[in-house]
Amino acid sequence: MSDDGLFQLGMDLEARHHEGADASFADAYAFDVPRSTTHTEDNDTTAPAANTQDDRLDHFIEREGVRCAGSHLIIDLYDASRLDDLPFIEETLKTCVTEAGATLLHIHLHPFEPTGVSGVAVLAESHISVHTWPEAGYAAFDVFMCGDARSEKCVEVLEQAFRPGRTSVSELLRGKEVA
């Protein structure tokens with residue numbers, strides 16, 4: 001990927017150690033994070049940090065009696081159509097965000113030659129990522145959302161949009177062991 005492509009994604013090629021990471025962990029595993037060139041959201045740094053379970057209830061969810069950070073759906077579409085139509089994919093991602101009740105921050109999609117699209121919709125609640133193989137009729141979507149957002153709503157949107165012959169969905173409950 002070119003420097004320009006990385007810049008458009010909000011990254012550049014220079015890396016630095018992740019600030020706030022445990023030094024021994026960062027040193028042992030060469031934990032480097034690209035320097036971000038993106039705009040950061042306005043945050044009130046004078047507010048006390050949320051450190052009680054009640055403070056985090058608006059972000060954490062409960063699924064089948066399990067408290068977790070969010071639902072991460074792995075969605076595979078087989079024998080699907082319109083997997084090389086970048087504007088259509090962008091509109092479909094926007095529809096997923098709306099139907100799930102999520103908040104869109106940014107979408108970046110990249111077309112490949114001769115075919116295929118890869119990209120991400122960055123959400124306040126996490127993300128939706130996509131990678132397509134039009135020549136095989138296959139698309140891989142990751143839909144991770146926390147809070148009140150309803151990740152499961154995206155499955156129907158994706159099926160209506162891409163008309164797959166078969167859909168496979170797996171759910172991971174992320175952050176189940178967070179105190």
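Residue numbering for the sequence shown follows full-length UniProt numbering, starting at 1 and increasing by one per position.
Beta carbons are placed, not taken as given, at the ideal position from N, Cα and C, and that holds for glycine.
Only a predicted model underlies this, so the values are computations on that prediction, with no experimental measurement involved.
- prompt: Quick one, which of Lys94, Asp84, Thr98, Ala80 has its alpha-carbon nearest Arg150's?
  reply: Considering only Lys94, Asp84, Thr98, Ala80, the residue with the shortest C-alpha distance to Arg150 is Thr98.
task: Give a yes or no on whether the C-beta atoms belonging to Gly119 and Leu109 are separated by under 7 angstroms.
output: yes
task: Tell whether a beta-carbon distance below 7 angstroms holds between Leu73 and Val143.
output: yes
- request: Run the CB neighbour count on Val157, radius 10 Å, all protein chains shown included, and call it buried at 16 or more, exposed below.
  value: buried
task: Report yes if the CB atom of Met145 is closer than 7 angstroms to the CB atom of Glu177, and no otherwise.
output: Not in contact: Met145 and Glu177 (Cβ atoms no closer than 7 angstroms).
task: Determine which residues share a DSSP beta bridge with Phe141 and list them.
output: Its beta-bridge partners are Ile75, Val130.
Arg174 - DSSP class collapsed to helix/strand/coil: strand
- request: Measure the C-alpha to C-alpha separation of Thr132 and Leu105 and round it to an integer number of angstroms.
  value: For Thr132 and Leu105, the distance between alpha carbons rounds to 22 angstroms.
task: Output the residue ranges of the beta strand (DSSP E) runs that lie fully inside the region 86 to 134 and measure 3 residues or longer, sorted by chain position.
output: 104 to 111, 117 to 123, 126 to 133
query: Who pairs with Glu62 in a beta bridge, going by DSSP?
result: Arg67
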